[in-house]
Amino acid sequence: MGNKVFRLSPVDWDCRKQVHMKNPMAPGRILEEYIVRNSRLGLVQFGDTRRLIFLNLVPRAKPGDYILAHVGFATTCVDEQEAKRIRASLERAVNAKKES
Numbered sequence: 479m480g481n482k483v484f485r486l487s488p489v490d491w492d493c494r495k496q497v498h499m500k501n502p503m504a505p506g507r508i509l510e511e512y513i514v515r516n517s518r519l520g521l522v523q524f525g526d527t528r529r530l531i532f533l534n535l536v537p538r539a540k541p542g543d544y545i546l547a548h549v550g551f552a553t554t555c556v557d558e559q560e561a562k563r564i565r566a567s568l569e570r571a572v573n574a575k576k577e578s
């Protein structure tokens, strides 16, 4: 599966809107990979949400891999079990906060 190359103008690419995330370190699965202005971006699935995330910090990450993302950047690769464990932990924390 090759990289897709996009040529976007600054009007099309407002990274403040594209990479906004609610969780400080969220696990997600890379669905697709793109090259935009010499940067690697991935369309990443976070539960029922998809976001564009910069992949430059994890050069070996590819579609199908799980990553941890912070403020729009993938910081590390994790396996599927670790991603599910972190996600469950985040959900428990959110639920506990709602109950209090």
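Just add 478 to the spot in the sequence shown (first one is 1) and you have this note's numbering.
Beta carbons are placed, not taken as given, at the ideal position from N, Cα and C, and that holds for glycine.
For residue i, name the three-state secondary structure that DSSP assigns.
i      : result
Ile564 : helix
Ala547 : strand
Val536 : coil
Quick one: residues in its chain with C-beta nearer than 8 Å to the C-beta of residue i, no 5 flanking neighbours on either side, listed in chain order?
i      : result
Ala539 : Ile508, Gly520, Leu533, Ile545, Ala552 and Cys555
Glu580 : The structure shown does not extend to residue 580, since the chain spans only 479 to 578, so no value can be given for it.
What residue range does the beta strand (DSSP E) around residue i cover?
i      : result
Gly520 : Ser517 to Phe524
Gly506 : Ala504 to Val514
Who are the Cβ neighbours of residue i in its own chain at under 6 Å, not counting the five residues just before and after it?
i      : result
Asp543 : Ile508 and Cys555
Ala561 : Pro505 and Tyr544
Glu558 : Tyr544
Arg518 : Leu533 and Asn534
Quick check: the Cα distance between residue i and residue j, rounded to an integer number of angstroms?
i      : j      : result
Arg563 : Met503 : 13 Å
His548 : Ala574 : 22 Å
Val522 : Val514 : 15 Å
Ile531 : Ser578 : 32 Å
Pro537 : Arg528 : 20 Å
Glu569 : Asn516 : 35 Å
Lys576 : Tyr512 : 37 Å
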